[in-house]
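Trainee: Residue 320 is where the sequence shown ends in our numbering, and the numbering goes up by one at each step.
Backbone N, C-alpha and C define an ideal beta-carbon position, used for all residues, glycine too.
Note that the structure is a prediction, hence the values are computed from the model and not measured.
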Amino acid sequence: MRLFIAAARESGLTIGLVPTMGALHEGHGALMRCAREETDYVVATIFVNPTQFDRPEDFQKYPRNIETDLAFCDRLGVDAVLAPSAKEMYPGEVLTSVEVAGISSRLEGEFRPGHFRGVATVVAKLFNIVTADRAYFGEKDAQQLAVIQKMVADLNLPVTIVTVPTVREADGLAMSSRNQRLTPEDRRNAPALYQALCEAERLIRNGSRSAPEVRQGALTLLLRNPVIRIEYLEVVDSATFQPVEMVTGDVRIAAAVWLGDVRLIDNVFVRGA
């Protein structure tokens with residue numbers, strides 16, 4: 048991969064990176080199209096990173112189909128794919144890790160201990176392998192995005208992080224590799240998550256500034272669907288992901304729910320007053 052990057056650099060090309068865990072869908076496609084438009088040489092990485100899974104069974108069940116993923120990348124004009132094995136990425140005992148304090152401690156960090164340490168460490172490794180000018184991340188994983196943006200700023204990493212809006216199904220469900228594990232009944236119920244987040248957004252846009260009131264409005268809607276198990280639903284500062292009591296600046300309403308044995312996350316951004 049470094050030889051490919053060096054050759055591209057010698058030709059004066061700019062490098063775009065799209066890190067993925069495979070099971071590619073149109074959400075990844077949006078990242079790749081953006082990279083294709085903005086850079087000259089597009090690299091996608093496909094690596095199901097074991098260190099960011101807090102539950103071994105989730106890692107084992109994560110969908111994998113490298114042939115389909117490679118064909119997807121080819122259709123979207125990706126120039127190179129890096130698809131290493133876990134042994135290549137972690138050839139020996141790993142004694143070094145990257146941890147972004149503060150942002151990593153709430154929401155996903157609270158319910159998935161060690162998750163963001165695994166994310167930040169593997170993304171830092173990928174940035175060192177693929178020395179891209181621009182790296183593309185989806186807004187669906189907004190807290191992950193905030194962690195990576197802070198890591199890049201704090202460590203002076205020479206890469207620009209580009210945010211791409213969440214891509215949704217026609218009924219509003221955010222595209223995710225985990226969606227394919229939903230049963231037909233759970234798939235029918237899944238859009239309720241986005242509907243609840245939109246209700247919270249509606250309350251803020253209609254003048255509500257009380258975060259508990261906004262949160263309760265979204266929860267009331269979500270609780271009408273008894274098959275959905277709520278892990279969290281919070282109104283947080285969009286930069287720090289710390290909870291807010293009053294909506295006076297930019298916020299995200301972020302949530303995680305369970306449908307059967309599938310965990311879904313989603314969020315909406317709301318510009319503050």
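The alpha helix (DSSP H) with Thr210 in it runs from where to where?
Mentor: Run containing Thr210: none in the alpha helix (DSSP H); it sits in the beta strand (DSSP E), Thr207 to Val211.
Trainee: Spatial neighbours of Asn175 within its chain, please: C-beta separation below 7 Å, excluding the five flanking residues on both sides.
Mentor: none
Trainee: Grab me the residues of Asp218's own chain with a C-beta within less than 6 Å of its C-beta, minus the 5 sequence neighbours each way, in chain order.
Mentor: Closer than 6 Å at the Cβ level, and outside the excluded window around Asp218, lie Pro238.
Trainee: Can you name, in chain order, every residue of its own chain whose Cβ lies under 6 Å from the Cβ of Leu129, other than the five neighbours on each side?
Mentor: If we look at Leu129 and ignore the five residues flanking it on each side, its Cβ neighbours are Met48 and Thr92.
Trainee: Going along the chain, which residues of its own chain have a beta-carbon closer than 8 Å to the beta-carbon of Phe106, five neighbours each way excluded?
Mentor: For Phe106, where only same-chain residues beyond five positions count, the Cβ hits under 8 Å are Val95, Pro97 and Phe100.
Trainee: Could you tell me which of Phe158, Asn314, Ile277 and Thr61 sits nearest to Asp284, measuring between CA atoms?
Mentor: Asn314
Trainee: For Thr86 and Thr210, what's the separation of their Cα atoms in angstroms?
Mentor: Those two C-alpha atoms are separated by around 15 Å.
Trainee: How many whole angstroms separate the CB atoms of Ile25 and Ala53, which I take to be in contact at a CB cut-off of 8 Å?
Mentor: Coverage of the chain is limited to positions 48 through 320, which leaves residue 25 absent and any answer about it impossible.
Trainee: Nearest to Leu204 by CA position, among Asp180, Val65 and Tyr88, is which residue?
Mentor: Asp180
Trainee: Please report how far the alpha carbon of Val282 lies from the alpha carbon of Arg271, in whole angstroms.
Mentor: 20 Å
Trainee: In three-state DSSP terms, what is Ser132?
Mentor: coil
Trainee: Under a Cβ-count criterion, where at least 16 other Cβ atoms within 10 Å of its own Cβ denotes burial, should Lys187 be classed as buried or exposed?
Mentor: Buried, since its Cβ has 16 or more Cβ neighbours within 10 Å.
Trainee: How should Glu73 be labelled, buried or exposed, when 16 other C-beta atoms within 10 angstroms of its C-beta is the threshold for buried?
Mentor: exposed
Trainee: Using alpha carbons as the reference points, say which of Leu71, Arg122, Arg318 and Cys81 lies closest to Met293.
Mentor: Ranking the options by Cα distance to Met293, first place goes to Arg318.
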